[in-house]
Amino acid sequence: MKKICAVAALAMTAGCATLTEDAMTPIAFSFSDGSNGECVLENKRGLWNAGIPSTVYVRKSDDSLRYRCNTTDGREAVGAIESEMGAKIVASAVFLDFGITDAITDKHRDYVASFVIPIRAIED
Numbered sequence: 039m040k041k042i043c044a045v046a047a048l049a050m051t052a053g054c055a056t057l058t059e060d061a062m063t064p065i066a067f068s069f070s071d072g073s074n075g076e077c078v079l080e081n082k083r084g085l086w087n088a089g090i091p092s093t094v095y096v097r098k099s100d101d102s103l104r105y106r107c108n109t110t111d112g113r114e115a116v117g118a119i120e121s122e123m124g125a126k127i128v129a130s131a132v133f134l135d136f137g138i139t140d141a142i143t144d145k146h147r148d149y150v151a152s153f154v155i156p157i158r159a160i161e162d
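At position 86 of the sequence shown (counting the first as 1) the number is 124 in my numbering, and the numbers step up by one without a gap.
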């Protein structure tokens, strides 16, 4: 009986993103034309300033990661990256707490691992 309880407890915690996932996620950013610049990244969980190209650790969130960027030659890009729901929320919902903890912490969410920021071409 103790073994069954131990296995059940392990199975329940293995699916919870709050226990198994980091709150921060790395995203590799670059401009579509290979230029350099800076971006301000923002979601409801935080604000980050980053040089581009680079890899930035951002806080996972259920809302979009908005970006406002400028290249070194003054071109601008504005947009957003949608967050995606991870598979561990399903296990959490079924086994542990109906997904409530993961929904509060947003650790079950994810952004893409790399993102190319579209930037308009240099005008002649």
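Note that CB positions come from ideal geometry on N, CA and C, so glycine has one too.
Values in this document were obtained by computation on a predicted structure and should not be read as measured data.
Residues bridged to residue i (per DSSP)
i, result
"residue 80", "85, 104"
"residue 97", "62"
"residue 115", "107"
"residue 72", "Paired residue(s): none; residue 72 is not in a bridge."
"residue 155", "69"
"residue 90", "75"
Identity of the residue in the options nearest residue i by Cα
i, options, result
"residue 157", "63, 66, 75, 61", "75"
"residue 83", "154, 98, 160, 120", "98"
"residue 73", "65, 92, 64, 59", "92"
"residue 154", "61, 64, 71", "71"
"residue 63", "122, 160, 161, 159", "122"
"residue 110", "77, 67, 152", "77"
"residue 67", "161, 159, 152, 160", "152"
"residue 113", "159, 149, 148", "159"
"residue 150", "90, 94, 85", "94"
"residue 69", "90, 96, 85, 60", "90"
"residue 116", "65, 147, 79", "79"
Distance CB(residue i)-CB(residue j) smaller than 8 Å
i, j, result
"residue 118", "residue 106", "no"
"residue 102", "residue 81", "yes"
Collapsed DSSP secondary structure at residue i in the structure displayed
i, result
"residue 149", "coil"
"residue 122", "strand"
Any C-beta of chain C under 8 Å from that of residue i
i, result
"residue 78", "Included in the structure is just one protein chain, with no chain C present."
Proximity test, residue i beta-carbon vs the ligand SAM heavy atom, cut-off 7 Å
i, result
"residue 75", "The ligand SAM is absent from the structure shown, which contains no ligands of any kind."
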